[in-house]
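Taken in sequence, the protein lines are chains R and B.
So for the first sequence, the UniProt record's numbering puts the first residue at 1; every next one is plus one.
So for the second sequence, the UniProt record's numbering puts the first residue at 1; every next one is plus one.
Where is the CB? At the ideal position from N, CA and C, for every residue including glycine.
In what follows, a structure is listed as structure tokens, so that the remarks can point back to it.
There are 2 protein chains.
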Amino acid sequence: MLPGCTVQELVDRVAGKWSVCILVAAADGPIRFTELERAITGISRRMLTLTLRNLERDGMLVRTVYPTVPPRVEYSLTPMAQELHAALLTIITWAERHRADVAQARERYDTRT
Amino acid sequence: MLPGCTVQELVDRVAGKWSVCILVAAADGPIRFTELERAITGISRRMLTLTLRNLERDGMLVRTVYPTVPPRVEYSLTPMAQELHAALLTIITWAERHRADVAQARERYDTRT
DNA sequence: CGGAATCCGGGATGATACTG
DNA sequence: CAGTATCATCCCGGATTCCG
Chain R
1 MLPGCTVQEL VDRVAGKWSV CILVAAADGP IRFTELERAI TGISRRMLTL TLRNLERDGM
61 LVRTVYPTVP PRVEYSLTPM AQELHAALLT IITWAERHRA DVAQARERYD TRT
Chain B
1 MLPGCTVQEL VDRVAGKWSV CILVAAADGP IRFTELERAI TGISRRMLTL TLRNLERDGM
61 LVRTVYPTVP PRVEYSLTPM AQELHAALLT IITWAERHRA DVAQARERYD TRT
């Protein structure tokens, strides 16, 4: 696993905090900007925009603009991103299964003499 | 996917750049500090130490000290971390498979008028 | 509604030096 | 060999403002 290699960069990019949130939130179908903003507690508008742009640039998201008033923009996962989402779910499931274990390990580590 | 929730934090922690590198490097068996330093190009000694401590604290790594001269310290994955490593391999494999796709998507995005 | 642009503070990170 | 300590820096991301 060499830093600087493309795979490393790609893993970093898609494993980012907000990227994961967006991929999960958009997994169930097209979702609007404001819906994402509400679904992802704590994200700033700026980071939402930037992360969406990066994911779109990487071919993970399709951005569809409906020229209505008010404007309506929907984001949906590409097939490639759906594969990624499935893989991410494995990690998330793992994290849920071991949440208590990690908490316990931390406590033991922190209370060591 | 709510930021602030424990699962989110855990995914963030284990999905970190150096954490992934260390987990991969240690997957094939116990590995020494200096071996990690050489295996992970670009990591500073400081970040290696900090990331190792965090992974150990979270119960992902076991640190074994052999009281020899010079000192010998080996790090190995816990069963929990081995499960995580398997899941990470899925992501890494995905990244390798789609490396070219992402590069092409970026080029198209950047050269758009 | 869905952004873009700007400013700016702090935590993450690197560099360097020292040590049991 | 396997770290720790300290300082300096840098850039990530929040806050704010403005816009079609």
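#1: By the criterion of Cβ-Cβ separation under 8 Å, what are the contact partners of residue 69 of chain R in chain B?
#2: Can you pull the chain R neighbours of residue 92 of chain B, defined as C-beta to C-beta under 7 Å?
#3: To the nearest angstrom, how far is it from the Cα of residue 26 of chain R to the Cα of residue 33 of chain R?
#4: Taking just the CA atoms, how far does residue 106 of chain R sit from residue 79 of chain B?
#5: Closer than 8 Å, CB to CB, is residue 84 of chain R near chain B or not?
#6: Hey, could you find the ends of the alpha helix (DSSP H) residue 19 of chain R is sitting in?
#7: Beta-carbon of residue 109 of chain B versus every beta-carbon of chain R: anything under 8 Å?
#8: Buried or exposed for residue 19 of chain R, please, with buried defined as at least 16 other CB atoms from any protein chain shown within 10 angstroms of its CB.
#9: If you compare alpha carbons, which of R:17, R:83, R:94 is closest to residue 87 of chain B?
#10: Please identify the residue among R:52, R:98, R:82, R:99 whose C-alpha is closest to the C-alpha of residue 98 of chain B.
#11: Around the Cβ of residue 111 of chain R, are there at least 16 other Cβ atoms within 10 angstroms (buried) or fewer (exposed)?
#12: If we cut at 8 Å on Cβ distances, does residue 4 of chain B have a partner in chain R?
#13: For residue 7 of chain R and residue 38 of chain R, I'd like the C-alpha separation in whole angstroms.
#14: Compute the beta-carbon to beta-carbon distance between residue 12 of chain R and residue 17 of chain B, rounded to the nearest angstrom, for a pair I have assumed lies under 8 Å.
#15: Between which residues of its own chain and residue 64 of chain R is the CB-CB distance below 8 Å, once the five residues before and five after are set aside?
#16: Span of the beta strand (DSSP E) holding residue 73 of chain B?
#17: Just the C-alpha distance for residue 91 of chain R and residue 113 of chain R, rounded to the nearest angstrom, thanks.
With the given structure in hand:
#1: Taking the first residue of the first sequence as position 1, residue 69 of chain R is located at position 69. By Cβ distance, chain B contributes nothing, its closest Cβ being about 25 Å from residue 69 of chain R, past 8 Å.
#2: Looking up residue 92 of chain B in the second sequence gives position 92. In chain order: 7, 11.
#3: Sequence index remark: in the first sequence, residue 26 of chain R carries index 26 (1-based). Sequence index remark: in the first sequence, residue 33 of chain R carries index 33 (1-based). Taken atom to atom, the span from the alpha-carbon of residue 26 of chain R to that of residue 33 of chain R is near 10 Å.
#4: The sequence position of residue 79 of chain B within the second sequence is 79, counting from 1. The sequence position of residue 106 of chain R within the first sequence is 106, counting from 1. Taking the straight line from one Cα to the other gives about 16 Å.
#5: Numbered from its first residue, the first sequence carries residue 84 of chain R at position 84. Judged by the 8 Å Cβ criterion, residue 84 of chain R is in contact with chain B.
#6: To locate residue 19 of chain R, count along the first sequence from 1; it is residue 19. Here the alpha helix (DSSP H) through residue 19 of chain R covers 17–25.
#7: Numbered from its first residue, the second sequence carries residue 109 of chain B at position 109. Closer than 8 Å: yes.
#8: Reading the first sequence from its first residue, position 19 is the one you call residue 19 of chain R. Around the beta carbon of residue 19 of chain R, 16 or more other beta carbons sit within 10 angstroms, so the residue counts as buried.
#9: Your numbering for residue 87 of chain B matches position 87 in the second sequence. Cα-wise, what sits closest to residue 87 of chain B is R:94.
#10: Here the question's residue 98 of chain B lines up with position 98 in the second sequence. That would be R:82, whose Cα lies nearest to the Cα of residue 98 of chain B.
#11: Taking the first residue of the first sequence as 1, we reach residue 111 of chain R at position 111. Classification of residue 111 of chain R: exposed, given that the 10 Å Cβ count is below 16.
#12: Counting from one through the second sequence, the residue named residue 4 of chain B turns up at place 4. Model confidence at residue 4 of chain B stands at a pLDDT of 49, short of 50, so the residue's coordinates are unreliable and nothing is read from them.
#13: Mapped onto the first sequence, residue 7 of chain R falls at position 7. Mapped onto the first sequence, residue 38 of chain R falls at position 38. Those two C-alpha atoms are separated by around 32 Å.
#14: Position 12 of the first sequence, counted from the start, is the residue given in the question as residue 12 of chain R. Position 17 of the second sequence, counted from the start, is the residue given in the question as residue 17 of chain B. Going by Cβ atoms, the distance from residue 12 of chain R to residue 17 of chain B rounds to 5 Å, so yes, they are a contact pair.
#15: Residue mapping note: residue 64 of chain R aligns to position 64 of the first sequence, counting from 1. Closer than 8 Å at Cβ, skipping near neighbours: 30, 73, 74, 75, 76.
#16: Counted from its first residue, the second sequence places residue 73 of chain B at position 73. Residues 72–77.
#17: Counted from its first residue, the first sequence places residue 91 of chain R at position 91. Counted from its first residue, the first sequence places residue 113 of chain R at position 113. The straight-line gap from Cα to Cα measures roughly 33 Å.
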